[in-house]
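Be aware that the sequence shown starts at 346, since it is given in my numbering, and climbs by one per residue. We put the CB at the ideal spot given by N, CA and C, even for glycine. Working notes for the structure below.
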Amino acid sequence: MHKLKKLYVLTDNNAQNFQGWNDVGFHGSNQIPTPNIDALAYNGIILNRHYVLPSSTPSRTAFFTGKYPMRMGMQGEDIQGGEPRGLPLSVRILPEHLRGLGYTTKLIGKWHLGYHTPQHTPLHRGFDSFLGFYNSHVSYYDYKYSYQNMSGYDMHRGDAPAYGLTDKYVTDLFTDEAVRIIQGHDPSRPLYLQISHLAVHAPLENPQDYDHYDKRFMHIREQNRRKYARMVSKLDDSVGRIVHTLGNRGMLRNSVVLFLTDNGAAPIGKFRNFGSNYPLRGMKYTLYEGGVRGVAVLWSPKLRKAARVCDDLVHISDWLPTLYAAAAGDLTDLGEIDGVNQWRMLNDGYPIVRDKLLLNIDEISKTEGAIYKQYKLLRGSMEGGHYDGYYRDYERNYLPTYFNDSKKTAQEELPPYTETILKSAVSQSITYHLGGPVTQPSTMIQLRREAMVHCRSNSTLYRDNFFTCNVTECLFDIENDPCETKNIVEQYPRVARELDQFLEQYGRNVTIQVKPPVDWLADPRRTNNTWEPWIPSGDSFYPYNAAAKLAGLAYYLHIGVVLVAVGWNDVSFHGADEIPTPNIDALAYNGVILNRHYVLPVCTPSRTAFLTGQYPIRTGMQGYPLQGAEPRGIPLNYTLLPEYLRRLGYTTHLVGKWHVGYHTRNFGPTRRGFDTFLGYYTGYIQYYNHTLLESEQLGYDLHRIVGDNNTVEYRYDYMTDLVTDEAESIISSHNTNKPMYLQLAHLAPHSSDAEDIMEVRDWKETNATLGYIKDLNRRKYASVVSTLDKSVGRVVDALKKKDILKNTIIIFMADNGAQTEGVYKNYGSNYPLRGLKFSLFEGGVRGAACIYSPLIGQSSRVSTQLFHITDWLPTLYSAAGGISSDLKQLDGIDQWSAIKKVKTDERRSILVNIQEGENSEAAIMGRYKLTRDKSDYQKHYSYYSGNDASYPKYNVTNVLASPAATAIASVSTNVLTAAKIKQLRKEATIVCENLTNSSSCMNRTCLFNIYKDPCEITDLSSEYPKVVKRLSVFIDSYKSVLMKKPNTPVDPAGFPCHFNNTWMPWLPDDYQSISEMHFTTSGVTSWQHNDFNSTSS
346 MHKLKKLYVL TDNNAQNFQG WNDVGFHGSN QIPTPNIDAL AYNGIILNRH
396 YVLPSSTPSR TAFFTGKYPM RMGMQGEDIQ GGEPRGLPLS VRILPEHLRG
446 LGYTTKLIGK WHLGYHTPQH TPLHRGFDSF LGFYNSHVSY YDYKYSYQNM
496 SGYDMHRGDA PAYGLTDKYV TDLFTDEAVR IIQGHDPSRP LYLQISHLAV
546 HAPLENPQDY DHYDKRFMHI REQNRRKYAR MVSKLDDSVG RIVHTLGNRG
596 MLRNSVVLFL TDNGAAPIGK FRNFGSNYPL RGMKYTLYEG GVRGVAVLWS
646 PKLRKAARVC DDLVHISDWL PTLYAAAAGD LTDLGEIDGV NQWRMLNDGY
696 PIVRDKLLLN IDEISKTEGA IYKQYKLLRG SMEGGHYDGY YRDYERNYLP
746 TYFNDSKKTA QEELPPYTET ILKSAVSQSI TYHLGGPVTQ PSTMIQLRRE
796 AMVHCRSNST LYRDNFFTCN VTECLFDIEN DPCETKNIVE QYPRVARELD
846 QFLEQYGRNV TIQVKPPVDW LADPRRTNNT WEPWIPSGDS FYPYNAAAKL
896 AGLAYYLHIG VVLVAVGWND VSFHGADEIP TPNIDALAYN GVILNRHYVL
946 PVCTPSRTAF LTGQYPIRTG MQGYPLQGAE PRGIPLNYTL LPEYLRRLGY
996 TTHLVGKWHV GYHTRNFGPT RRGFDTFLGY YTGYIQYYNH TLLESEQLGY
1046 DLHRIVGDNN TVEYRYDYMT DLVTDEAESI ISSHNTNKPM YLQLAHLAPH
1096 SSDAEDIMEV RDWKETNATL GYIKDLNRRK YASVVSTLDK SVGRVVDALK
1146 KKDILKNTII IFMADNGAQT EGVYKNYGSN YPLRGLKFSL FEGGVRGAAC
1196 IYSPLIGQSS RVSTQLFHIT DWLPTLYSAA GGISSDLKQL DGIDQWSAIK
1246 KVKTDERRSI LVNIQEGENS EAAIMGRYKL TRDKSDYQKH YSYYSGNDAS
1296 YPKYNVTNVL ASPAATAIAS VSTNVLTAAK IKQLRKEATI VCENLTNSSS
1346 CMNRTCLFNI YKDPCEITDL SSEYPKVVKR LSVFIDSYKS VLMKKPNTPV
1396 DPAGFPCHFN NTWMPWLPDD YQSISEMHFT TSGVTSWQHN DFNSTSS
């Protein structure tokens, strides 16, 4: 046979749900007009027993390879976004074979056969060009695909993202591309063009030109079904436009046009699209006829016997040999395949070449089915055997052409059915370009009757009363019972036995499915929010060792290491040589150092801001930290960070300090979003004894809570080691198929109430390594920080061992400045910043912070962008794949893009705090900071400068050799050098002069330019009164939403003497505090979000 100039394959379900059996007019339905598709059918061949697989990926596998998918392990679930799996590269597919015959090959639309490596994408699998999407579906206008916590753009031209196309309805986009290809094609060359439309996959989206009063659809009463009908109509228009273009280009005479679906519709259930398989039983994902008996039409002027209904068995795997034969290929080129060449049968009407076929064998879902002649056998757990109701009996007589003349409806003005077919673009093109008449109306009506599936007259009976095949196998006579209403396995045991043997024969050759977990390195946020191949070409290991190599992958692991009162100068990446912190420094240098990260001046307010994303003044949690037995906490109507993350599928763990309320169990960690908790309720405990002495009450405070099961954990390990051990245990036992949020809230380096307020773990080691620090109290503090640094190294190493470091975000931050002297003193240092913990000067609120993640595009840098502790909730939620609209109004700003891509000016103002009882308040706008601070030690500059000639010089080698750096190097493509470390350290170091000449701000307002004067030495309030006024207005605007801190004195009923000398929740769950009654009776004062971020400085 001569080589045809064009093979045109239109696969109109390129996702898993498509037009159902009943959603084309030539099958007898008048509900949705499809005149162009019907015109192809009546002038070609209606394939009434064309079988596909029950979902997209398996069907496409069969179509492209000519083999049953079970031979390649592709028989089960569809490929999901981020799944490192695809059609094996060793198998040649249809476009590769056709290209060997000289064909130009083009793919438009859906791929869905794998894209984890570049070799698995269309241009590397035989197609010369590609415009479409890799995944199962996209949205119709912005071309986005979402799976689990990942979402991104998925439209590609060739190997590159096709940005800038989001203004066009995707059906029109693909049709325009097909028209462009045909118009630009050299007709002397053969062409294979495959259009795999998105339509009509969910989600349902109307074309923008949709007329809600379109008379063609007014009879459809169900709104979603009507929307679906409009989408089908747009698809039908596409068929007409393409055939018309073929005619205009002079290519129609030598064309073969194949229209088919790759599975049944989904009238209910997963990916519901409101399609209809009526009157067939079942739907997509099932082996009933509604799931696997697909709409199919073949048209070509070369067909010698056309205008007919073919009831011979055809399987989707047959198209490879059939089209290859039509293109004059030698079938021996194809090797051993399951598909059979049907070209002669289709062309001449004989002989019958297939009397049996395998529907599928899925060893995971334990379902299988086969057909022999008129008999069909199903085995396994067959669910979803429903009969859909979108084509009701009453609508049969409520549609165009067949109305009772006495009934006046909106559709009476529509032309008769056959007239719409004759006027279609397909019919007109056939008549004009081929010079012959199309199939006549009487023949159309006859063909339509032949193509209709007839079942029992009482359709309501079998639709509502049917048996399932869950327990026994089912045998159906689908010639006489195509709707599978009667199981005849007992009447025909010999037929059932033969089909059993047929299934068992294939069952011995099943390739077991490899279902590797989703690889979160595929996250579109790593590649400009676009779905792209993520495994390099040389690493195309699937399917041989993929499961082993990818088994440990998980999603982002967020670790917030919250350091109580660690000073600015107590991490060595800020320039001090006194206390080496090589592991913390390794995180900083490999990530982003946040050099303008602001917190609250004390613990409870900072943690409130971190967990809620809101300034503490909104919750009454500003001011002095919570005390033991104080009946106060973050109001229960606030959703906390772990609660948001848990909604995204995260497991959530808190180890260490809570300190935001525990007077009732409802305020405890596991009722505020954490799955597990090992730690203490109060502000601090002793490092070994784990007790707190407060209000003259001594009590034990170490608890393990899982769900509502609270046990007191009587252990006496050094607290830093205990927290680290628990973190390692959580990481090592984590199920990597779920994302995890782990918050480590260390006690270190907070002071305790022991005789030694800074409790050292190992005095011998301390003196050996830190003996150069002459101040004994400072040496103890340094030892506690050094032990904490080792903890960071251990945790990072645990992540590496679990093979999840590559998908991790690690945050290290202080929640307030150090307290060098005074109450709760720990001998930390904020040098050279002014002020201590409890103050609103930089030393109290500018916290040490860094973030590390392999997901950060531009790392190893120092950021001077404003960042507030409230920003972490929206930032982490965004990084975890959450949608910002899910969050309530927040003060925090999503800074994930700024962190990843060095964007600036995400935030230009911060309310530092308002402490109404002390008349202390501060705010930042641009480069200026206004402070009214009444705290003690407001002129304090630490005397621990961190640098002295007697101290060892900073050791870069120790940083590079630290456990954290070693672990990071194993997953990093960037090489951190000694020179880079020195550069970053220099950039992160704050240098000030004349600290003794600072302005007094006692009982007065001070204004500082903290860009030029980060140590707040020179007051500029008199020079810039307008700036003072602007910042004062900014602060005052928040006073209207300020909730005063409730007056809740310590409740003696909560003292540990009542609970076996343990600090415990003591009030009933339904207890309402003063603050909660305020929220209940009046609600939160109306939200006032003043956009001062646009104000220039």
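Less than 8 Å separating the beta-carbons of residue i and residue j?
{"i": "Leu993", "j": "Ala1225", "result": "yes"}
{"i": "Ile979", "j": "Thr953", "result": "yes"}
{"i": "Leu1047", "j": "Glu1058", "result": "yes"}
{"i": "Gln1031", "j": "Ala1143", "result": "no"}
{"i": "Ala1243", "j": "Gly1192", "result": "no"}
{"i": "Thr631", "j": "Pro399", "result": "yes"}
{"i": "Asn480", "j": "Trp876", "result": "yes"}
{"i": "Ile545", "j": "Met576", "result": "According to the sequence shown, residue 545 is Val rather than Ile. Yes, these two residues count as a Cβ contact at 8 Å."}
{"i": "Gly636", "j": "Gly627", "result": "yes"}
{"i": "Leu1218", "j": "Leu1235", "result": "yes"}
{"i": "Ser645", "j": "Val602", "result": "yes"}
{"i": "Tyr995", "j": "Tyr1086", "result": "yes"}
{"i": "Leu392", "j": "Arg598", "result": "no"}
{"i": "Leu543", "j": "Thr511", "result": "no"}
{"i": "Ser1315", "j": "Pro1199", "result": "no"}
{"i": "His998", "j": "Thr1027", "result": "no"}
{"i": "Ser1205", "j": "Asn1319", "result": "yes"}
{"i": "Asp700", "j": "Arg394", "result": "no"}
Would you mind reading off the limits of the alpha helix (DSSP H) that contains residue i?
{"i": "Cys948", "result": "Cys948 to Thr957"}
{"i": "Glu1073", "result": "Met1064 to Ser1078"}
{"i": "Tyr326", "result": "Any answer about residue 326 is impossible in this case: the structure gives the chain only from 346 up to 1442."}
Tell me which residues share the same chain as residue i and place their Cβ nearer than 6 Å to its Cβ, disregarding the 5 neighbours each side in the sequence.
{"i": "Thr1009", "result": "Pro1410, Leu1412, Asp1414 and Tyr1416"}
{"i": "Ala1127", "result": "Ile924, Leu1115 and Ile1118"}
{"i": "Gln836", "result": "none"}
{"i": "Asn742", "result": "Residue placement at Asn742 cannot be trusted, given a pLDDT of 39 that sits under 50; the coordinates are not used to answer."}
{"i": "Ala974", "result": "Val1395, Asp1396, Gly1399 and Phe1400"}
{"i": "His942", "result": "Gly1192, Ala1194 and Phe1212"}
Residue i lies in the beta strand (DSSP E); which residues open and close that run?
{"i": "His1048", "result": "His1048 to Val1051"}
{"i": "Glu1266", "result": "Ser1265 to Met1270"}
{"i": "Tyr1045", "result": "Gln1042 to Tyr1045"}
{"i": "Val323", "result": "Any answer about residue 323 is impossible in this case: the structure gives the chain only from 346 up to 1442."}
{"i": "Lys701", "result": "Lys701 to Asp707"}
Once the 5 residues before and after residue i are set aside, which same chain residues still bring their CB inside 8 Å of it?
{"i": "Ala891", "result": "Because Ala891 sits at a pLDDT of 31, beneath the cut-off of 50, its placement in the model cannot be relied upon, and the following sentence gives the value as read from the coordinates. Excluding positions up to five away in sequence, the list reads Pro429, Arg430, Val859 and Pro861."}
{"i": "Arg594", "result": "Ile527, Gln528, His530 and Pro532"}
{"i": "Asn854", "result": "Met415 and Arg416"}
{"i": "Ile453", "result": "Phe475, Leu476, Gly477, Phe519, Glu522, Ala523, Ile526, Leu538, Gln539, Ile540 and Ser541"}
{"i": "His442", "result": "Gly471, Leu665, Tyr669, Gly674, Asp678 and Leu679"}
Can you give the beta carbon distance from residue i to residue j, rounded, assuming they're within the 8 Å contact cut?
{"i": "Gly373", "j": "Arg793", "result": "6 Å"}
{"i": "Leu1133", "j": "Ala1093", "result": "4 Å"}
{"i": "Tyr695", "j": "Phe847", "result": "Their Cβ separation, rounded to whole angstroms, is 25 Å, which puts Tyr695 and Phe847 out of contact at 8 Å."}
{"i": "Ala867", "j": "Gly427", "result": "4 Å"}
{"i": "Arg1185", "j": "Asn1258", "result": "It is worth fixing the name first, because residue 1185 is Leu in this sequence and not Arg. Going by Cβ atoms, the distance from Leu1185 to Asn1258 rounds to 6 Å, so yes, they are a contact pair."}
{"i": "Asn622", "j": "Asn367", "result": "6 Å"}
{"i": "Gly1024", "j": "Val1000", "result": "6 Å"}
Beta-carbon within less than 7 Å of residue i's beta-carbon, same chain only, minus the 5 sequence neighbours each way: which residues are those?
{"i": "Ser1290", "result": "Tyr1176"}
{"i": "Val1373", "result": "Leu1275, Thr1350, Leu1352 and Ser1366"}
{"i": "Gln425", "result": "Tyr492 and Val863"}
{"i": "Trp1432", "result": "For Trp1432, the pLDDT reaches just 37, beneath the cut-off of 50, and the residue's location in the model is therefore unreliable, leaving the point undetermined."}
- [ ] Spell out a yes or no on whether the segment 1204-1216 and the segment 1166-1185 are touching, meaning 3 or more CB-CB pairs, one atom from each, closer than 8 Å.
- [x] Touching, no, given that fewer than three Cβ pairs across the two stretches are closer than 8 Å.
Open item on the list: I want to know whether the segment 1340-1352 touches the segment 1320-1331 - three or more CB-CB distances under 8 Å.
Closed with: In short, these stretches do not touch, since the Cβ pair count stays below three.
- [ ] Give a yes or no on contact between the segment 998-1008 and the segment 1369-1386, applying the rule of three or more CB pairs nearer than 8 Å.
- [x] No, the segment 998-1008 is not in contact with the segment 1369-1386.
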